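Asker:
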Amino acid sequence: MLWWMYALIALIGYTVLVTILCLKYPERHYNWDDIDTGKLDFPSEFAWGVATASHQIEGGNVNNWSQFESATGKELSGIACDHWNKWKSDFDLIEKLGVGHYRFSIEWSRIQPNESEWNEDAVAQYSAMIDELISRGIEPMVTLHHFSHPIWFEEKGGFLKNENIHHWVSYCEKIFGVLSDRVTNWCTVNEPEVFSIMGYHMKLFPPGMGSIRKTIQVMKNVVEAHATAYHALKKIRADAKIGLAKNVTIFDPLHRWNLIHWITTFILNHIWNGAIISALKRGRMFGRKIPNAKDSLDYMGLNYYTHALVSPFLPQTIEVDLPKRSHEIMTEFGYPMYAEGLKRSVELLKPLNVPIEITENGVADSDDSLRPIHLKRHLWMISEMIKSGADIHSYYHWSLMDNFEWAEGYSLRFGLYHVDYETQERTLRSSGELYRKIVSNE
Ligand code: GCO
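Each residue of the sequence shown is one higher than the one before, starting from 19 at the first, in the numbering used here.
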């Protein structure tokens, strides 16, 4: 054969392969101008909520994060929203939104500041918070680990060491033992993939390491920690609803004709999404067995924000804008608004065969120009999915109020309420009012 015949065959083969990939994995896009996102149809039992996390709002925490902030010269979380003192009036804010559900996290470093010390005052305060929420008709969902933990645990190697898991489980049992008579909904760990990749590969979260091997080790251990806690807590209260919150990012090839972009997409999707789904479905992750991980979910928590357009040259930092399609809206976090991906995320989690709770969804938007559109598109997407049979029980908007956005500090504002950090004044944004109207069906 002549050389050009080989070249022609290779070209045809390449084209066929890429065409098959494009057809099998479509990148769904709607023409939003043609969609009436005001047309929502939610079942009456649908749970409307808002979400926060301890280190982002409480203020005055001494934990792996406060240590990392000082050590790296990052913006300090400081008194944050001073929620540890203002919790009662903050519950007024939740009530004013008319939502009946609130997801928040317990700060382990408050409960167990030293390995041999339980702080009963902190336990009592969380317990009083639960009573207060319930008295206002707001059902709590409690997260046990939302990125932060005590310094003594970090110094022992944290979740990098498998033998440390039992420390975390003891704390879980302690707080579950006190609160589970009133709290049914529990989220063990928040975003195992974000926690491990940001902290052990990208150096953006504590402990600021940069090792693929350690990242995989931590991811595996955190899922094992979840599974161990799940089974231990179910022994205390069998009818508690226990799951974890996973960040699903949808990965799409930047150039759909480029096979290298497709291969990168598959690899990243596997590391970020597939590995954890596989651990929870089959009890295996990266070829290794994760004890008890199979069947360790009563629901799957979905934190959804965006899709990533992938090439082998993805930036190793989150401080630059990621690529977006020309018609997409860029959010202040530097990633595109892509509500279609919420549907794709729910499809990705389908094999787990458990109900979905949308434990986080929101947008960084300081002047509130994007949040109304963001809210409407994502809620419309959920409404459509429920109509076509998806088992989605709840939506917790991230976040109740502006707060400390981890590596980004206070620059990014995710709140339905604006927070003036000088005066600690909270002000309802128009999008907050919009959410209130949607929730109350006005
Ligand atoms: C995360 C967390 C939240 C964030 C939120 C906005 O995804 O990092 O669960 O704590 O604040 O997602 O980025």
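Yeah, the Cβ is synthetic: ideal placement off N, Cα and C, and Gly gets one too.
No experiment lies behind these values; they were computed from the predicted model shown.
In whole angstroms, give me the CA-to-CA distance for glutamate 172 and glutamine 85.
Answerer: C-alpha separation (whole angstroms): 10 Å.
Asker: Name the DSSP beta bridge partners of phenylalanine 165, please?
Answerer: According to DSSP, which records beta bridges pairwise, phenylalanine 165 is partnered with nothing at all.
Asker: Quick one, which of Tyr439, Lys361, Arg444, Gly450 has its alpha-carbon nearest glutamate 45's?
Answerer: Lys361
Asker: Looking only at its own chain, which residues have a Cβ that is under 6 Å from the Cβ of arginine 454, when we skip the five neighbours before and after it?
Answerer: The residues are Leu115, Gly116.
Asker: Please give the ranges of any alpha helix (DSSP H) in the stretch 260-338, keeping only runs that are unbroken, at least 4 residues long and fully inside the region.
Answerer: Correct list: 277-287, 293-300.
Asker: In the DSSP assignment, the beta strand (DSSP E) including aspartate 139 goes from what residue to what residue?
Answerer: Per DSSP, aspartate 139 belongs to no beta strand (DSSP E); it is in the alpha helix (DSSP H), 138-153.
Asker: Please check the pair threonine 202 and serine 214, which I expect to be a contact at CB under 8 Å, by giving their CB distance rounded to whole angstroms.
Answerer: Actually they do not touch by this definition, with Cβ atoms about 28 Å apart.
Asker: Exposed or buried, arginine 300, counting other C-beta atoms within 10 Å across all chains shown (16 or more means buried)?
Answerer: exposed
Asker: Within the continuous beta strand (DSSP E) that includes phenylalanine 122, where are the two ends?
Answerer: Looking at the DSSP string, the run of the beta strand (DSSP E) that includes phenylalanine 122 is 119-123.
Asker: Cutting at 6 Å between CB atoms, please list the residues of its own chain near asparagine 208, excluding the five before and the five after it.
Answerer: The beta carbon of asparagine 208 lies closer than 6 Å to those of Thr161, His164, Ala263 in the same chain, with the five residues before and after it left out.
Asker: Does the ligand GCO have a heavy atom nearer than 7 Å to the CB of tryptophan 290?
Answerer: no
Asker: So does the stretch 309-323 actually touch the stretch 250-261, counting three or more Cβ pairs closer than 8 Å?
Answerer: Short answer: they touch.
Asker: Give the straight-line distance between the Cα atoms of cysteine 190 and arginine 154, rounded to the nearest whole angstrom.
Answerer: Across the structure, cysteine 190 and arginine 154 are spaced so that their CA atoms are roughly 26 Å apart.
Asker: Is DSSP giving isoleucine 227 helix, strand or coil here?
Answerer: Before going further, note that residue 227 is methionine rather than isoleucine in the sequence given. Of the three classes helix, strand and coil, the one that applies to methionine 227 here is coil, per DSSP.
Asker: Determine, using beta carbons only, whether alanine 250 and isoleucine 183 come nearer to each other than 8 Å.
Answerer: no
Asker: At 4 residues or longer, what runs of the alpha helix (DSSP H) sit wholly inside the stretch 345-431?
Answerer: You should have 358-367, 389-405.
Asker: So, does the stretch 215-233 touch the stretch 93-100, judging by three or more C-beta pairs under 8 Å?
Answerer: Here the stretch 215-233 does not lie against the stretch 93-100, with fewer than 3 beta-carbon pairs under 8 Å apart.
Asker: On a Cα-Cα basis, can you pick out the residue from Asp270, Asn287, Val68, Met303 that is closest to valine 241?
Answerer: Nearest C-alpha to valine 241: Met303.
Asker: List the whole-angstrom C-beta distance separating alanine 293 from methionine 237, where the pair is believed to meet the contact cut-off of C-beta under 8 Å.
Answerer: Going by Cβ atoms, the distance from alanine 293 to methionine 237 rounds to 7 Å, so yes, they are a contact pair.
Asker: Would you grab the beta carbon distance between threonine 206 and alanine 247 for me? Rounded to a whole angstrom, and I think it's under 8 Å.
Answerer: That pair is a contact at about 5 Å.
Asker: Is it a yes or a no for the stretch 266-273 touching the stretch 352-369, going by three-plus beta-carbon pairs under 8 Å?
Answerer: yes
Asker: Under a Cβ-count criterion, where at least 16 other Cβ atoms within 10 Å of its own Cβ denotes burial, should arginine 343 be classed as buried or exposed?
Answerer: exposed
Asker: Going by Cα to Cα distance, which pick from Arg128, Ser145, Asn81 is closest to lysine 106?
Answerer: Of all alpha-carbon atoms in Arg128, Ser145, Asn81, the one lying nearest the alpha-carbon of lysine 106 is that of Ser145.
Asker: In angstroms with no decimal places, state the Cα-to-Cα distance between tyrosine 323 and glycine 380.
Answerer: Computed Cα separation, rounded: 7 Å.
Asker: Classify tyrosine 189 as helix, strand or coil using the three-state DSSP reduction.
Answerer: helix
Asker: Per DSSP, what are the beta-bridge partners of threonine 445 in this structure?
Answerer: DSSP lists His436 as partners of threonine 445.
Asker: Check whether the Cβ atoms of asparagine 239 and serine 166 lie closer than 8 Å to each other.
Answerer: no
Asker: Buried or exposed: which applies to histidine 73, given that a residue is buried once 16 or more other Cβ atoms fall within 10 Å of its Cβ?
Answerer: buried
Asker: Nearest CA to the CA of proline 158: which residue from His119, Met318, Ile30, Leu277?
Answerer: His119
Asker: Tell whether a beta-carbon distance below 8 Å holds between tryptophan 398 and threonine 55.
Answerer: yes
Asker: Between which two residues does the beta strand (DSSP E) harbouring valine 36 extend?
Answerer: Per DSSP, valine 36 belongs to no beta strand (DSSP E); it is in the alpha helix (DSSP H), 21-42.
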